[in-house]
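Trainee: Residue numbering for the sequence shown follows this note's numbering, beginning at -3 and increasing consecutively.
Handing you this structure, nothing more for now.
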Amino acid sequence: MSLTTVRRAGLAASAAALALLVSACGSDSGDKADDGKTAQADKTASAAPASAEPLTAAELDKAALTQADVKSGKLFAKVPVQDDIAQAKVKTDKPECAPLGRLQAGTYDGQPAATAKRSWLADQKKPDPKAGLEKAMIASIDRDKVIVTLATYADGGAEKTFAGLKTAATACAGGYSWTVGSDTTKVGKVTPTAAPEGADEALALTLLVDADEGVKAPAKAVLVRKGATLAYFSGYNMASAATGGDWDFPAELVQAQLAKLG
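Listed below in structure tokens is the structure:
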């Protein structure tokens, strides 16, 4: 089996509106029941959360992960050029799938006020010296890689963008293709998985990607919202891209990022 790694094998409705309860004006009759309903409605309305303010560029950069925040692997504050893909360069064969293509490519969706990007590479595993040559080669590339993009939005943009990605995950469940330059990635299936806890909203996906020599490889993508900020996680495993085997997304990255977002 060829062990050539797919360059980007893994790089994965309307917005949920805030319910504002408007109370009717109370009558002058002094009806206690009406007064009670009005008071309760006013209390509920005042408790309804307003859209959070976006972070400044400096605040967002400070909230991005550093090496000290992760327990293992290597965190890169400067993302390699081949992984630093501009939003406008990502094209999809189906317009409704564009948000997913951008998520997989390691970029953002919508129109954020500021962004910050990091990349993470898992530690290399030590191959079993008793394993055969092919297994040893597979073990040597059994490393997860994740692109983390933070984007902060004004005027409820984070909620709207999250809702758009969630809608795309449903609309594009049967597959789509996304392209950057001459490099096209075909996704055959999009499957929601258990979303991480601790966020205002969260979405986790497994995306079955056409990899080398007919291999179907699972890529992973996670999106979480904390206030006016979205954190996009796009990951793949290099051994999975060669073999099609499943792998576990490094959930500790999401929890570390959520902790820094507060």
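We put the CB at the ideal spot given by N, CA and C, even for glycine.
Given the structure is predicted, the values throughout are model-derived calculations rather than measurements.
Enumerate in chain order the residues of its own chain whose CB-to-CB distance from D242 is below 6 Å, with the five nearest sequence positions on each side excluded.
Mentor: These residues qualify, in order along the chain: P214.
Trainee: Quick one: Cα of L199 to Cα of R114, how far?
Mentor: Near 20 Å, if we compare the C-alpha coordinates of R114 and L199.
Trainee: P192 and G153 - do their beta-carbons sit closer together than 8 Å?
Mentor: Contact: no.
Trainee: Considering only their Cβ atoms, is the gap separating A101 from V86 smaller than 8 Å?
Mentor: A contact, by the Cβ cut-off of 8 Å.
Trainee: Taking 6 Å as the limit between beta carbons, can you name the residues of its chain near S173, skipping five residues before and five after?
Mentor: Result list for S173: D89, T180, K182, in chain order.
Trainee: Is the beta carbon of V220 closer than 8 Å to that of A195?
Mentor: Against a cut-off of 8 Å, the Cβ pair of V220 and A195 comes out as a contact.
Trainee: Quick check on the DSSP output: what are the complete beta strand (DSSP E) runs of length 3 or more inside the stretch 186 to 237, in order along the chain?
Mentor: Listed in chain order, the complete beta strand (DSSP E) runs (minimum 3 residues) inside the stretch 186 to 237 are 197 to 206, 212 to 222, 225 to 233.
Trainee: Grouping DSSP H, G and I as helix and E and B as strand, with all else coil, what is I134?
Mentor: Three-state DSSP puts I134 in a helix.
Trainee: According to DSSP, which residues form a beta bridge with L71?
Mentor: For L71, which the question treats as bridged, DSSP gives the partners W116.
Trainee: In angstroms, rounded to a whole number, what distance separates the CA positions of T145 and A59?
Mentor: Their Cα atoms are separated by approximately 11 Å.
Trainee: Return helix, strand or coil for T62, following the three-state DSSP convention.
Mentor: Coil, per DSSP.
Trainee: Measure the C-alpha to C-alpha separation of C93 and G171 and round it to an integer number of angstroms.
Mentor: Approximately 9 Å, taken between the alpha carbons.
Trainee: Using the C-alpha atoms, what's the distance from P125 back to A141?
Mentor: Just to set this straight, residue 141 is Lys in the shown sequence, not Ala. If you take the alpha carbons of K141 and P125, they lie about 24 Å apart.
Trainee: Mind checking V218: buried by the 16 CB within 10 Å criterion, or exposed?
Mentor: With 16 or more other Cβ atoms within 10 Å, it is buried.
Trainee: Classify E155 as buried or exposed, calling it buried when 16 or more other Cβ atoms lie within 10 Å of its own Cβ.
Mentor: With 16 or more other Cβ atoms within 10 Å, it is buried.
Trainee: Pick helix, strand or coil for G184, following the three-state DSSP scheme.
Mentor: It is a strand residue.
Trainee: If you follow the beta strand (DSSP E) that K87 is in, where does it begin and where does it stop?
Mentor: Here the beta strand (DSSP E) through K87 covers 86 to 88.
Trainee: Rounded to a whole number of angstroms, what is the C-alpha to C-alpha distance between T103 and D80?
Mentor: Using only the alpha carbons, I get a separation of about 8 Å.
Trainee: Quick one, which of P91, W116, T111 has its alpha-carbon nearest Y232's?
Mentor: Checking every option, the nearest Cα to that of Y232 belongs to W116.
Trainee: Verify whether the separation of the beta carbon atoms of G184 and L204 is less than 8 Å.
Mentor: Going by C-beta atoms, G184 is nearer than 8 Å to L204.
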